Amino acid sequence: MDFSQRTSLDVVVLGSGVAGLTAALTASLAGLRAMVVEHRPDIGGTSARSSGTVWVPGSHYLPSPGADEDREQAARYLESLVGNRGERAMWEAFLENAPQMVDDLARHADIGFRPYLAAPDYRQDCPGAAGGGRPLEPLPFDGRLLGSDFSRLAWPLPELMVFGGMMVTRGEALELLRADRSPRAVWLAMRLVGRYLRDRLSYRRGTRLVLGNALVARLFKALLDRRVPVLTEARAKRLVEGDGRICGVELAHNGNTLTIEARRGVVLAGGGFPADASWRARHLPEPVAEYTTASPGCDGTTLALALDAGAALGPSGLDNALWFPSSVAKRADGSTAVYPHIVLDRAKPGLIAVNASGERFVNEAVSYHEFVRAMYRAQGKSPAIPAWLICDRAFIRRYGLGLVRPRSVSLRKHVANGYLRTAPTIEGLARELGLPPKTLAATVNRFNGFVFGGVDQDFGKGNNIYDRSNGDPAVSPNPCLGPIERPPFYAVEVWPTPLGTSRGLRADVHARVLTESGQPIPGLYVCGNDMQSAFGGEYPGAGAQLGQAMTFAWIAARHASGADSADDGGRRSAQHSTTH
Ligand SMILES: Cc1cc2nc3c(=O)[nH]c(=O)nc-3n(C[C@H](O)[C@H](O)[C@H](O)COP(=O)(O)OP(=O)(O)OC[C@H]3O[C@@H](n4cnc5c(N)ncnc54)[C@H](O)[C@@H]3O)c2cc1C
0 MDFSQRTSLD
10 VVVLGSGVAG
20 LTAALTASLA
30 GLRAMVVEHR
40 PDIGGTSARS
50 SGTVWVPGSH
60 YLPSPGADED
70 REQAARYLES
80 LVGNRGERAM
90 WEAFLENAPQ
100 MVDDLARHAD
110 IGFRPYLAAP
120 DYRQDCPGAA
130 GGGRPLEPLP
140 FDGRLLGSDF
150 SRLAWPLPEL
160 MVFGGMMVTR
170 GEALELLRAD
180 RSPRAVWLAM
190 RLVGRYLRDR
200 LSYRRGTRLV
210 LGNALVARLF
220 KALLDRRVPV
230 LTEARAKRLV
240 EGDGRICGVE
250 LAHNGNTLTI
260 EARRGVVLAG
270 GGFPADASWR
280 ARHLPEPVAE
290 YTTASPGCDG
300 TTLALALDAG
310 AALGPSGLDN
320 ALWFPSSVAK
330 RADGSTAVYP
340 HIVLDRAKPG
350 LIAVNASGER
360 FVNEAVSYHE
370 FVRAMYRAQG
380 KSPAIPAWLI
390 CDRAFIRRYG
400 LGLVRPRSVS
410 LRKHVANGYL
420 RTAPTIEGLA
430 RELGLPPKTL
440 AATVNRFNGF
450 VFGGVDQDFG
460 KGNNIYDRSN
470 GDPAVSPNPC
480 LGPIERPPFY
490 AVEVWPTPLG
500 TSRGLRADVH
510 ARVLTESGQP
520 IPGLYVCGND
530 MQSAFGGEYP
540 GAGAQLGQAM
550 TFAWIAARHA
560 SGADSADDGG
570 RRSAQHSTTH
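Okay, so the sequence shown: first residue is 0 according to numbering that gives the first Met the number 0, each after it adds one.
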């Protein structure tokens with residue numbers, strides 16, 4: 000589509016992550032003319048780097064009957080987990096709409112998923128937590144279907160691909176590790192690598208897309224099919240206000256100023272502020288996270304536009320972010336690799352995390368979000384930022400450690416560049432890390448003493464199904480407990496890194512942006528990490544971010560189209576929001 004200096008549409012969406020693409024697609028499905036504006040050269044934001052899991056309790060993907068029951072249990076769960084940290088009406092709106100959203104998009108736009116039946120919710124200590132089925136995995140997508148637009152799709156994190164350009168799911172990665180024992184794994188390896196090699200004759204990376212890249216690509220394809228434009232490298236200068244409502248956006252693009260009229264509304268979907276140091280300094284806890292795995296485009300500029308238009312941020316929460324512990328290394332080209340320790344190593348048997356006193360401070364198998372929260376909590380007592388993950392050579396051979404893949408024959412490169420620290424004894428490793436040698440040795444001895452009985456008496460590592468789902472099923476009695484005993488010993492340093500931010504624009508159940516006094520700003524909507532977390536910054540389970548993002552994007556677009564509720568007439572009024 001060519002854009003003249005004035006173009007008139009129904010909905011303009013700022014941001015091309017899963018939230019933005021879902022909003023534009025839903026608007027288009029409702030018969031509106033929509034467009035997506037992205038300020039980066041590539042499409043997909045942090046979503047394209049993510050695992051793409053979407054947390055939707057009670058979806059039609061669950062074996063029936065059970066969906067209604069699951070939704071009720073999920074309400075108990077969120078009530079207990081979120082408490083008064085988030086608005087009840089918001090998470091209730093999520094629970095009500097999320098299943099309808101996935102059903103609608105599957106039926107009308109082929110946005111399909113499959114349930115992870117063995118992915119337990121993260122907080123098994125809260126009533127209503129499920130043992131699996133709420134997280135949905137995006138179906139693989141063939142990038143070739145995007146034609147020349149494939150090159151516009153943002154790349155996953157290089158460290159999470161194989162051979163620098165081949166995507167695999169976690170299940171495939173686990174299967175591939177069995178390639179020396181299992182004919183099925185050999186066949187899988189041959190298929191994946193064969194396809195990848197063929198792809199590389201024509202493309203810069205593999206075209207078999209999985210995880211978040213597949214979800215973004217599938218949404219993008221649906222937009223291409225419906226002729227919804229995605230304009231990249233366009234900077235939003237201001238929101239245009241007229242007749243008491245937000246009715247467009249002024250953009251800078253290719254040296255021109257474009258004014259795009261948005262008759263039904265503007266949707267903000269800029270992914271929050273994880274990538275902007277000054278926003279981080281203002282809103283995240285001390286010591287302020289220096290690194291992030293989020294897209295560099297998530298810099299708070301959409302939030303600033305909204306604040307200028309009279310919007311308000313939601314209340315400051317416990318820490319205003321969603322977290323990974325990450326290790327950091329220099330790439331060959333000099334850029335910084337930030338590796339998120341999500342599920343592959345911390346929960347496995349034979350690893351502990353220690354603070355600056357050489358003591359454990361956390362159950363290493365908790366979710367990434369809770370792990371970082373424990374790092375911050377420990378600060379007051381003995382600093383755990385950075386913390387050290389400690390294991391032995393046998394552990395790395397079997398499970399890998401961060402950037403070091405399982406079965407790595409030599410660790411020399413990682414030791415030489417300082418990513419891995421090593422010593423032949425635990426005391427020697429402590430000296431290498433600047434930790435008290437006697438304390439670290441005592442910590443390791445005590446942990447090793449828990450292995451035989453299978454009970455971590457200090458932190459309960461492996462005590463619940465979430466922990467165990469990331470342990471090693473071949474190890475008993477506790478799949479998360481194993482000894483650290485065979486030299487040499489290794490350590491890697493981990494830091495808190497926001498994968499996204501949870502403080503965002505205050506919104507109501509229709510995803511309308513609110514002012515400080517709780518009044519909706521007509522024509523202005525928000526979704527994804529630009530919106531105040533409906534879960535009050537808590538992380539209920541895998542896919543909680545994208546689940547919320549897609550749901551409120553769907554709600555926003557449907558409200559803008561008038562599909563699901565009576566509009567408020569579209570004028571700013573003294574009337575207060577319908578949040579409750
Ligand atoms: C490695 C990794 C794995 C993850 N796995 C999962 C998972 O499996 N499930 C889950 O729920 N969450 C996951 N997350 C978190 C999740 O990816 C994010 O919370 C989510 O992608 C946020 O979606 P969004 O659409 O709000 O923002 P994004 O996907 O970040 O998209 C925002 C886009 O808006 C653009 N933008 C910003 N400002 C402007 C502007 N002013 N004008 C135009 N464009 C703008 C940005 O450049 C960006 O492209 C993961 C994160 C990481 C890093």
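Yeah, the Cβ is synthetic: ideal placement off N, Cα and C, and Gly gets one too. Predicted, not measured: the structure shown is a model, and the values here were computed from it.
Euclidean distance between Cα positions of residue i and residue j
| i | j | result |
| --- | --- | --- |
| Leu480 | Val365 | 14 Å |
| Ala184 | Met166 | 16 Å |
| Gly14 | Pro182 | 44 Å |
| Pro64 | Arg133 | 14 Å |
| Asp566 | Ala490 | Annotation note: pLDDT 43 at Asp566 (below 50); position unreliable, no value reported. |
| Met189 | Ala178 | 10 Å |
| Ala336 | Ala562 | 44 Å |
| Thr301 | Gly205 | 32 Å |
| Gln123 | Leu77 | 12 Å |
| Leu222 | Ser560 | 17 Å |
| Pro405 | Leu159 | 13 Å |
| Met549 | Met530 | 12 Å |
| Thr578 | Arg5 | Confidence in Thr578 is poor, its pLDDT being 31 and thus under 50, which makes the residue's placement too unreliable to answer from. |
| Pro126 | Tyr418 | 40 Å |
| Arg169 | His282 | 33 Å |
| Ser7 | Leu28 | 18 Å |
| Arg570 | Arg244 | Because Arg570 carries a pLDDT of 36, less than 50, the predicted location of this residue cannot be relied on, and no value is offered for it. |
| Pro436 | Gly379 | 22 Å |
| Thr421 | Ala415 | 10 Å |
| Ala573 | Gly85 | Legend: pLDDT at Ala573 = 32, less than 50; position of this residue unreliable, value from coordinates given subsequently. Approximately 25 Å between the Cα atoms of the pair. |
Residue from the options with nearest C-alpha to residue i
| i | options | result |
| --- | --- | --- |
| Arg48 | Leu156, Gly535, Thr291 | Leu156 |
| Leu230 | Asn447, Arg133, Val248 | Val248 |
| Pro295 | Val10, Ile554, Asp41 | Asp41 |
| Ile110 | Leu138, Phe360, Asp67 | Leu138 |
| Gln544 | Arg372, Gly271, Gly452 | Gly271 |
| Asp582 | Arg177, Leu94, Leu402 | Here the chain covers residues 0 to 579 and nothing more, so residue 582 does not appear. |
| Glu358 | Ala311, Pro382, His368 | Pro382 |
| Ile384 | Lys236, Asp457, Phe458, Glu289 | Glu289 |
| Ala274 | Thr496, Ala22, Arg557 | Thr496 |
| Gly546 | Ser46, Val11, Glu37, His38 | Ser46 |
| Val450 | Gly427, Gly349, Ser532, Tyr418 | Gly349 |
| Arg345 | Arg420, Glu492, Arg207 | Glu492 |
| Tyr524 | Thr6, Arg5, Val12, Leu8 | Val12 |
| Ser147 | Pro339, Asn83, Arg203, Ala128 | Arg203 |
| Leu173 | Arg225, Val342, Pro119 | Val342 |
| Ser501 | Val327, Pro314, Arg397, Gly433 | Pro314 |
| Thr291 | His282, Trp322, Ala303, Ala268 | Trp322 |
| Ile259 | Ala33, Ile351, Asp224 | Ala33 |
| Ser58 | Gly19, Trp553, Gln99 | Gln99 |
| Gly452 | Thr442, Pro62, Ser475 | Ser475 |
| Arg143 | Leu80, Val81, Leu200 | Leu200 |
| Val36 | Gly30, Gly211, Leu20, Ser50 | Leu20 |
Residues bridged to residue i (per DSSP)
| i | result |
| --- | --- |
| Ile351 | Ile389 |
| Asp141 | Arg207 |
| Asn255 | His252 |
| Met165 | Val161 |
| Val414 | Partner(s): none; Val414 has no beta bridge. |
| Val12 | Val35, Val266 |
| Met549 | Its beta-bridge partners do not exist; DSSP assigns none. |
| Arg5 | Thr258 |
| Pro519 | Leu513 |
| Arg199 | Answer is none; Arg199 lacks a bridge partner. |
| Ala506 | Val512 |
| Arg237 | Glu249 |
| Phe488 | Asp391, Ala422 |
| Val525 | Leu267 |
| Arg244 | Gly241 |
| Met189 | None; Met189 has no bridge partner. |
Beta carbon proximity, residue i to chain B, threshold 8 Å
| i | result |
| --- | --- |
| Gly536 | This model lacks chain B altogether, as it is built from one protein chain only. |
Three CB pairs or more closer than 8 Å across the region 480–487 and the region 384–402: Judged by Cβ distances under 8 Å, the region 480–487 makes contact with the region 384–402, as three or more pairs qualify.
Whole runs of the beta strand (DSSP E) within the region 283–371, excluding any shorter than 3 residues: Entirely contained in the region 283–371, the beta strand (DSSP E) runs reaching 3 residues are, in chain order, 320–329, 335–339, 351–353.
Contact the region 114–124 vs the region 540–555: 3+ CB pairs below 8 Å: Look at the beta carbons and you see the region 114–124 touching the region 540–555: at least three pairs across the two are nearer than 8 Å.
Validate contact between the region 300–309 and the region 511–521 using beta carbons, cut 8 Å, 3 pairs: Contact between the region 300–309 and the region 511–521 is present: three or more C-beta pairs spanning the two stretches fall below 8 Å.
Cβ pair count under 8 Å reaching 3, the region 490–508 against the region 218–233: Counting Cβ pairs under 8 Å, fewer than three are found: no touch.
Segments of 4+ residues assigned as alpha helix (DSSP H) that fall wholly inside the region 34–118: The region 34–118 contains these whole alpha helix (DSSP H) runs: 66–81, 87–108.
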